[in-house]
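Novice: Starting off with a structure, shown below.
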Amino acid sequence: MKNFLINLRGIWARAYVRIIVINREFSWLFFEVLFPLFPICAFAYMYKAMNAPADSQGFVLLGGAMVSVWLNVLWSMAAQFYWERETGNLSLYIMSPMNMMSVLLGMALGSIISAVLRIVIICSAGSFLFSVTMNVSSYFWLGMTFFITLAAVFCLGMALASLFLIYGRNAWNTLNIFMEPVFFLSGFYFPVKTLGYFFAALASALPVTLGLDAMRQLAFKIGPQTGLMPVPMELALLMFLSVIYFKAAQKFLEKLEHIARSEGRLILRWQ
Amino acid sequence: MAIRNYVRGWNSFKAALWLAWKIESNWTSPPLFILFCVIKPVSFLLIITFMFKFAIGGSTFDVNYFSFFFIGAVLYIYVSNILSSMANVIFEDREHYEVIKYVYISPLNFYAYFLSYGLIRFLLATISVSISFWGGYLFLGLNPFNVLKSLNLFVISSAAAVASIFFCGVIIGSLTLLTARNATLISETAAGFFMILCGALFPLHYLPEFLRQISVKIPISQWFEISRRIMSATATTIDRTWQNYTSDQLLYEQLFFCLCLFIISMAVFKFANLSARARGIIDSTTNY
């Protein structure tokens, strides 16, 4: 019981830093909202110039909002342990009496709160700018899909965080490499079905692909025509992926922490 | 005195160029590094291509129409690459490697230091742009070799545009002196800003009037239009904003605004530099 409480406090402590940083470093929120908003506007104008269906601007808006989640997962989850090691916090976490999984859970929880805030701002601003009309078939399932997607995406972030712990600058650059290809493969700005079933199925290993596709089907009139597979199937897959990535995060953390300890990389900086 | 300053600036530029190359390239093997340089712009172009495919639905693929979007997207690679590199200079030196105080107190020209970081990314972007145009030529039916017919115009316009991107990079890099650890987002935001205002992906006449007035004063917008005209071998493009302008007029405007941008970049650099010193945050680091 005592152990459980210590871990709960650990989760809250790590999440608290993530939440409070919104006030502390307001410029982060400002740029994290603006960054996805600019490409959204550019791509929405592009669709307008191409005489695409009206809902395509809504597709871009939703995709752009999810970009902020993906960026959060990459830079604030996957790269975080690497960054913590650079700043010297990682060894303090390991010496503390809590489980390292609590740190990861706290990071994810704090990030989800700030990510939801960003999504609300981006969607509101985008809807206002482009007068996007949504045609929601079920608000309940739309909300459920959104939160299951967040859970799956942040479980992936937890797994990546452990994985990147033993890599040095490679991790940083690998994250950079992942940004645009994931924007492409996950269909952030166009329905993933356009890629063809084979590539779309491959891209489904990333939870954000399935989540985005399901949300588009539930929120827009032409959504079901452009959907990759039925929404219930996508939700089931998302839940499955959440469990897989959570388990993977646990395994990776255990294994890689051991490797990092035995090779003396836990306090190695500027690698 | 002037000559000594010039020599010092040149030496700073060379030293920073060498350092930037080491930082950019020494983390991995050359093949992986080339993949790293290519994969990002290629993915961006694939996004544009598949958006086009989705937008036209079952209609016939019109190469001339598509080339407007493609050329802008390819040239935009320079904007995103150079800006992202120059915005990261301060972040890397200050918070990652923690060497900024040593760099700062050494006898170098800090402005030249910024520029040299961007130059490496310019060279890498040139590789990506070349590959993209070859891809467009081989698979999409575009003909980038039309530039040979108006080579002088293209070279002068491109040089002015690249210089303008560098000046914008200095402005953004200078501003990162005043912020903490979010250089990546600042650079991406700035790149997105130029994606809209320069009409990289769509004709500028779709923008609201007040934004269009800003767009026509950014020298990169004129470059995109000139390049599209030259590569498509047409007198005008589908962008109605520039229909009353000849290519020469566009070039003169571009050169004028490029000069203005240079002056602004010097002013912002000076302001940010003095401001960061006054606030004592030149070498500040964060722990969250």
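Chains as they are written, first to last, in the numbering used here: chain P, 1 to 271; chain X, 272 to 559.
Note that CB positions come from ideal geometry on N, CA and C, so glycine has one too.
1) Using C-beta distances below 8 Å, list every residue in its chain close to Val370 of chain X, excluding the 5 sequence neighbours before and after it, in chain order.
2) In angstroms, rounded to a whole number, what distance separates the CA positions of Tyr189 of chain P and Gly63 of chain P?
3) Does the Cβ of Gln225 of chain P have 16 or more other Cβ atoms within 10 Å, making it buried, or fewer, making it exposed?
4) Could you have a look at Asp554 of chain X and say whether DSSP puts it in helix, strand or coil?
5) For Ser486 of chain X, name the three-state secondary structure that DSSP assigns.
6) So, at 7 Å on beta carbons, what are the nonlocal neighbours of Phe495 of chain X in its own chain, with the 5 sequence-adjacent residues on each side left out?
7) Between the Cα of Ser283 of chain X and the Cα atoms of X:Val426, X:Leu303, X:Phe528 and X:Pro378, which residue gives the shortest distance?
8) Do you know whose CA, among X:Tyr336, X:Trp513, X:Ile534 and X:Tyr523, lies nearest Asn51 of chain P's CA?
9) Which two residues bound the contiguous alpha helix (DSSP H) that contains Glu84 of chain P?
10) State yes or no: is the C-beta of Phe31 of chain P within less than 8 Å of the C-beta of Leu456 of chain X?
11) At 4 residues or longer, and completely inside the region 395-478 of chain X: list those alpha helix (DSSP H) runs for me, N to C.
12) Applying the criterion that 16 or more other CB atoms from any shown protein chain within 10 Å of the CB defines a buried residue, is Tyr388 of chain X buried or exposed?
13) Taking 8 Å as the threshold (C-beta atoms), are Ser403 of chain X and Pro312 of chain X in contact?
14) For Trp281 of chain X, which residues of its own chain have a beta-carbon under 8 Å away from its beta-carbon, when the five flanking residues on both sides are left out?
15) Drop a sphere of 10 angstroms on the beta-carbon of Ile442 of chain X, count the other beta-carbons inside from all chains shown, and report buried for 16 or more, exposed for fewer.
16) Distance check for Arg216 of chain P and Leu129 of chain P, CA to CA, integer angstroms please.
17) Inspect the beta-carbon positions of Cys308 of chain X and Ser435 of chain X and report whether they are closer than 8 Å.
18) Which first and last residues belong to the alpha helix (DSSP H) in which Val60 of chain P is found?
19) For Val487 of chain X and Trp75 of chain P, what's the separation of their Cα atoms in angstroms?
20) So is Ile327 of chain X in contact with chain P if we call contact Cβ pairs under 8 Å?
21) Do you know how far the Cα of Trp70 of chain P is from the Cα of Gln250 of chain P?
22) Only counting the same chain, and skipping five residues up and downstream in sequence, which positions put a Cβ closer than 6 Å to that of Leu163 of chain P?
23) Which stretch, first to last residue, makes up the alpha helix (DSSP H) that contains Phe220 of chain P?
24) What is the rounded straight-line gap between the Cα of Leu448 of chain X and the Cα of Tyr197 of chain P?
25) Would you verify that the beta carbon of Ile177 of chain P is, or is not, closer than 8 Å to some beta carbon of chain X?
26) In this structure, how does DSSP classify Glu369 of chain X when only helix, strand and coil are distinguished?
27) Report the rounded CA-to-CA distance for Val400 of chain X versus Leu390 of chain X, giving the unit in angstroms.
28) Please report the residue range of the alpha helix (DSSP H) in which Tyr197 of chain P lies.
29) Which residue comes first and which comes last in the alpha helix (DSSP H) that contains Tyr349 of chain X?
30) Is Phe190 of chain P helix, strand or coil by DSSP?
31) Measure the alpha-carbon distance for Phe43 of chain P versus Ile121 of chain P and round it to whole angstroms.
32) Whole angstroms is fine: what's the gap from Leu316 of chain X's alpha carbon to Trp405 of chain X's?
33) Between the alpha carbons of Ala549 of chain X and Ile274 of chain X, how many angstroms are there, rounded?
34) Spatial neighbours of Gly106 of chain P within its chain, please: C-beta separation below 6 Å, excluding the five flanking residues on both sides.
35) Please report the straight-line C-alpha distance between Leu409 of chain X and Pro415 of chain X, rounded to a whole angstrom.
Specialist: Let me lay it out:
1) Within the same chain, Val370 of chain X has close Cβ partners Asp364.
2) Using only the alpha carbons, I get a separation of about 6 Å.
3) Gln225 of chain P is exposed by the Cβ-count criterion.
4) Correct three-state label for Asp554 of chain X: coil.
5) Assignment of Ser486 of chain X by DSSP, reduced to helix, strand and coil, places it in the helix class.
6) Within the same chain, and ignoring the five residues on either side of Phe495 of chain X in sequence, the residues whose Cβ sits closer than 7 Å to its Cβ are Gly343, Leu346, Cys469, Gly470 and Ala471.
7) A check of alpha carbon separations from Ser283 of chain X across X:Val426, X:Leu303, X:Phe528 and X:Pro378 identifies X:Pro378 as the nearest.
8) Of all alpha-carbon atoms in X:Tyr336, X:Trp513, X:Ile534 and X:Tyr523, the one lying nearest the alpha-carbon of Asn51 of chain P is that of X:Tyr336.
9) For Glu84 of chain P, the enclosing alpha helix (DSSP H) covers residues Gln80 to Thr87.
10) Their beta carbons are under 8 Å apart, which means Phe31 of chain P touches Leu456 of chain X by this criterion.
11) For the region 395-478 of chain X, whole alpha helix (DSSP H) runs of length 4 or above, ordered along the chain, are 422-447 and 454-468.
12) With 16 or more Cβ atoms within 10 Å of its Cβ, Tyr388 of chain X is classed as buried.
13) Cβ distance < 8 Å, so Pro312 of chain X and Ser403 of chain X count as in contact.
14) Once the five neighbours on either side are set aside, the close Cβ partners of Trp281 of chain X are Ala383.
15) Here Ile442 of chain X is buried: its Cβ has 16 or more other Cβ atoms, across all protein chains shown, within 10 Å.
16) If you draw a straight line from the Cα of Leu129 of chain P to the Cα of Arg216 of chain P, it comes to about 19 Å.
17) Taking 8 Å as the Cβ cut-off, Cys308 of chain X and Ser435 of chain X do not qualify as a contacting pair.
18) Run containing Val60 of chain P: Asp55 to Leu71, per the alpha helix (DSSP H) assignment.
19) CA-CA distance, Val487 of chain X to Trp75 of chain P, rounds to 35 Å.
20) Interface residue, yes.
21) In a straight line, the C-alpha of Gln250 of chain P is about 21 Å away from that of Trp70 of chain P.
22) Correct list, in chain order: Phe252.
23) Element bounds for Phe220 of chain P: n/a, residue is neither H nor E.
24) Distance from the CA atom of Leu448 of chain X to the CA atom of Tyr197 of chain P, rounded to whole angstroms, is 47 Å.
25) Output row for Ile177 of chain P: interface = yes.
26) Assignment of Glu369 of chain X by DSSP, reduced to helix, strand and coil, places it in the coil class.
27) Approximately 15 Å, taken between the alpha carbons.
28) Here the alpha helix (DSSP H) through Tyr197 of chain P covers Tyr197 to Ala203.
29) Bounds of the alpha helix (DSSP H) holding Tyr349 of chain X are Val334 to Phe362.
30) Looking at Phe190 of chain P - three-state DSSP - the assignment turns out to be coil, as it is neither helix nor strand.
31) About 18 Å.
32) If you take the alpha carbons of Leu316 of chain X and Trp405 of chain X, they lie about 13 Å apart.
33) About 30 Å.
34) Once the five neighbours on either side are set aside, the close Cβ partners of Gly106 of chain P are Ile11, Arg14 and Ala15.
35) Using only the alpha carbons, I get a separation of about 11 Å.
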